[in-house]
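A short worksheet on the structure shown next.
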Amino acid sequence: MIWTIISIVIGTLCIFISSPTSRLVEWLMNRFAIHSKIDPNDITVTFNGKRLEEEDKNRLSDYFNEAQFVKRNHIFPGTEESFLHPETAVIPFIINVQSRKKEMNFYLYPYDDHVDVVKQWKKKIISFTLSSEPLQNFSISEKA
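Positions in the sequence shown are counted from 1; adding 1161 to them yields my numbering.
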């Protein structure tokens, strides 16, 4: 009798592990995603030291969430600073995300053919490239 119960429990566990629910798979994918989606309510965006207006912030976050991941750029130990502050004429958009336990910064460097993103949280830094026409051509709306 006890062997039957143990085999049913083990069988059920094996079935659950071999075909997890969609919610569990989605949680795992989002947990380890390099290009994570951002919520406009949890961010502040600065460009050249000035905070963006609410409308511009929402547009930028939508473009960022819709952008296509192209590749991950490898950062070797000791070269982190050259990714955070590269020697380029491009002024980055700095997205500061603060929600619950997460606090991270995204540095967006838009170029003509791609957008380089540096993601910094805690003491970790990763860099990746995105492809997004609206994000590459994003401009701040000026109030008249």
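Glycine residues also receive a C-beta, built at the ideal position from the N, C-alpha and C atoms.
What are the partner residues of residue i, as DSSP defines its beta bridges?
{"i": "Ile1167", "result": "Answer is none; Ile1167 lacks a bridge partner."}
{"i": "Ile1204", "result": "Val1258"}
{"i": "Gln1297", "result": "Answer is none; Gln1297 lacks a bridge partner."}
What separation, rounded to the nearest whole angstrom, lies between the Cα atoms of residue i and residue j?
{"i": "Ala1250", "j": "Ser1243", "result": "14 Å"}
{"i": "Ile1163", "j": "Ile1178", "result": "23 Å"}
{"i": "Glu1216", "j": "Val1206", "result": "11 Å"}
{"i": "Thr1173", "j": "Thr1182", "result": "13 Å"}
Quick one: residues in its chain with C-beta nearer than 8 Å to the C-beta of residue i, no 5 flanking neighbours on either side, listed in chain order?
{"i": "Val1276", "result": "Ala1228, Leu1269, Tyr1270, Thr1290, Leu1291, Ser1292, Ser1293, Leu1296, Gln1297"}
{"i": "Ser1286", "result": "Reading off the sequence, residue 1286 comes out as Ile, not Ser. Result list for Ile1286: Ile1236, Glu1241, Phe1244, Leu1245, Val1279, Lys1280, in chain order."}
{"i": "Ile1252", "result": "Phe1208, Asn1209"}
Taking residue i as the reference, which of the options has the closest Cα?
{"i": "Asn1219", "options": "Asp1200, Pro1247, Glu1264", "result": "Asp1200"}
{"i": "Gly1239", "options": "Glu1214, Ile1195, Ser1180, Lys1284", "result": "Lys1284"}
In this structure, how does DSSP classify residue i when only helix, strand and coil are distinguished?
{"i": "Ser1243", "result": "helix"}
{"i": "Asp1273", "result": "coil"}
Report all residues from its chain with a CB closer than 6 Å to the CB of residue i; omit the five preceding and five following residues, and keep chain order.
{"i": "Trp1282", "result": "Met1265"}
{"i": "Ile1256", "result": "Ile1204, Val1206, Phe1267"}
Among residues of its own chain, excluding the 5 on either side of residue i, which ones have a beta-carbon nearer than 7 Å to its beta-carbon?
{"i": "Gln1259", "result": "Asp1203"}
{"i": "Lys1304", "result": "With a pLDDT of only 41 at Lys1304, under the threshold of 50, the placement of this residue in the model should not be trusted; the figure read from the coordinates follows. Once the five neighbours on either side are set aside, Lys1304 has no close Cβ partner at all."}
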